[in-house]
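Residue numbers (full-length UniProt numbering): 1 to 203.
No residue lacks a Cβ here, since even glycine has one placed at the ideal position from N, Cα and C.
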Ligand code: VGL
Ligand code: ZN
């Protein structure tokens with residue numbers, strides 16, 4: 001059984017958004033095209049409280065891009081983004097949300113970030129995504145969405161660690177690239193961990 005994981009295709013990650021992925025909107029038609037080929041489609045949604053510890057604005061004198069220690073973990077500071085119940089946190093208009101069978105929200109704990117759709121960055125608190133997949137006897141996950149070098153990468157790496165066959169749709173994901181090359185490095189990390197890459201045309 002396959003599941004399509006649609007990672008964080010939210011307004012704040014699109015051009016014009018608070019944490020924009022360059023050309024991020026281009027993944028939308030790709031994802032809409034492949035969605036009907038999956039009998040299980042789960043979306044993740046970055047869903048932060050306004051006082052989230054990953055926001056530079058919550059640390060006086062700090063700017064986005066700086067790295068701090070947050071509850072013992074290295075944390076890149078971001079602009080405020082995907083604040084719960086704001087338009088920036090909504091799924092992209094144009095994304096076929098009617099094709100989703102479930103939504104998993106993450107990043108709600110102000111003390112820890114959550115890039116992966118499975119666990120917080122401390123690796124301790126589960127989001128419930130694994131449970132959904134196990135209950136449906138999923139053995140393979142197909143991962144697409146934003147951003148390739150953060151939430152897509154860590155979702156794919158956790159899926160591999162959990163024993164799911166893991167495929168990233170290369171043209172269904174784009175990177176934010178705080179540093180140039182982060183996107184390609186992220187894909188290489190997924191390959192090195194045993195994942196595979198495909199183009200959406202295979203569906
Ligand atoms: C993401 C940075 C901060 C992502 C979420 O969805 O890739 N990146 N929060
Ligand atoms: Zn976030």
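- For residue 65, there is no enclosing beta strand (DSSP E), since its DSSP letter is neither H nor E.
- Take the alpha-carbon of residue 78 and the one of residue 126: they are about 23 Å apart.
- Residue 125 sits in coil when the DSSP states are folded into three classes, being neither helix nor strand.
- Residue 151 is positioned such that its CB atom lies closer than 8 Å to that of residue 46.
- A Cβ closer than 7 Å to some heavy atom of ligand 1 marks a residue here, and those residues are 7, 8, 13, 19, 46, 54, 78, 81, 82, 107, 113, 115, 146, 147, 150, 151, 152, 176.
- About 16 Å separates the CB atoms of residue 59 and residue 19; that is not less than 8 Å, and the two are not in contact.
- For residue 81, the secondary structure class from DSSP, reduced to helix, strand or coil, is coil.
- When secondary structure is reduced to three states using DSSP, residue 2 falls in the strand class.
- Exclusion of the five residues before and after residue 191 leaves 197 as the residues of its chain whose Cβ lies within less than 8 Å of its Cβ.
- Residue 68 has its alpha-carbon roughly 23 Å from the corresponding atom of residue 118.
- Under DSSP, the beta-bridge partners assigned to residue 7 are 44, 145.
- For residue 200 and residue 184, the gap between their C-alpha atoms comes out near 18 Å.
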